[in-house]
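Structure first, commentary second.
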Amino acid sequence: MAGLTLKQRKFCDEYIISGNTEQAAIKAGYSKAYARGNAHKLVANVSMKSYIAERMAELDSKKIAKQDEVLRYLTSIMRGEQQEKTLVGEGMGEQRIADIDVSAKDRIKAAELIGKRYSMWTEKVDVSGGVVFITGDDDVAD
Numbered sequence: 003m004a005g006l007t008l009k010q011r012k013f014c015d016e017y018i019i020s021g022n023t024e025q026a027a028i029k030a031g032y033s034k035a036y037a038r039g040n041a042h043k044l045v046a047n048v049s050m051k052s053y054i055a056e057r058m059a060e061l062d063s064k065k066i067a068k069q070d071e072v073l074r075y076l077t078s079i080m081r082g083e084q085q086e087k088t089l090v091g092e093g094m095g096e097q098r099i100a101d102i103d104v105s106a107k108d109r110i111k112a113a114e115l116i117g118k119r120y121s122m123w124t125e126k127v128d129v130s131g132g133v134v135f136i137t138g139d140d141d142v143a144d
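Taking my numbering, I'd label the letters of the sequence shown as residues 3 to 144.
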């Protein structure tokens, strides 16, 4: 982001990590005296505030799965393309970790979640046609 000094950017990045204005200011290179009394002013700076918001949005987008990623994952489970780890007894109290196919129960649950996304199990009624009111025998066509 243009307009911020290196020290200001370092403050913003440290503030994102800790959420503590005083600590962030000290780590960014501001004096302890300034940090103790004036660090809150740094966060109030419009340019720094927008830099922090931009960085937070960037971090959120990397960490949070998007709709297509979730649907791809659920589809791979439903199709049996995923495996899970489980403990398998070896005898004499010993166990080992083994990969097994995802259970049918989990595959069905994935299919249900995908179906829910596409509204596959809801009653659909088409109400786009016209409505005819019949008030008596005279209105009924032969």
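From the three backbone atoms N, C-alpha and C, an ideal C-beta is built for every residue, glycine too.
Identify whether residue i lies in helix, strand or coil by the three-state DSSP scheme.
i              : result
leucine 61     : helix
glutamate 83   : coil
isoleucine 110 : helix
isoleucine 19  : helix
isoleucine 1   : Nothing about residue 1 can be reported from this structure: the residues present for the chain run from 3 to 144 only.
leucine 73     : helix
alanine 67     : coil
leucine 6      : coil
Judging by CA-CA distance, which residue of the options is the nearest neighbour of residue i?
i              : options                         : result
alanine 106    : Ser49, Gly21, Gln84 and Gly117  : Gln84
isoleucine 102 : Leu8, Val45 and Glu86           : Glu86
leucine 73     : Thr23, Ile116, Arg81 and Lys51  : Ile116
valine 48      : Gly91, Trp123 and Leu6          : Leu6
aspartate 108  : Arg98, Val90 and Thr77          : Thr77
alanine 112    : Met80, Leu8 and Glu96           : Met80
threonine 88   : Met94, Lys64 and Val104         : Val104
glycine 82     : Lys118, Ile110, Ala41 and Tyr36 : Ile110
isoleucine 19  : Ala41, Asp70, Met58 and Ile99   : Met58
Residue i bridges to which residues according to DSSP?
i          : result
glycine 91 : Gln97
Taking buried to mean at least 16 other C-beta atoms within 10 Å of its own C-beta, is residue i buried or exposed?
i             : result
isoleucine 54 : buried
glutamate 92  : exposed
alanine 26    : buried
glutamate 96  : exposed
tyrosine 17   : buried
tyrosine 120  : exposed
Assuming the contact rule is C-beta atoms closer than 8 Å, residue i and residue j should be a hit. Round their C-beta distance to whole Å, please.
i            : j                : result
glutamate 56 : arginine 38      : Not really, about 28 Å apart at Cβ, beyond 8 Å.
leucine 44   : phenylalanine 13 : 6 Å
lysine 51    : alanine 30       : That belief does not hold up - the Cβ atoms of lysine 51 and alanine 30 are roughly 16 Å apart, past 8 Å.
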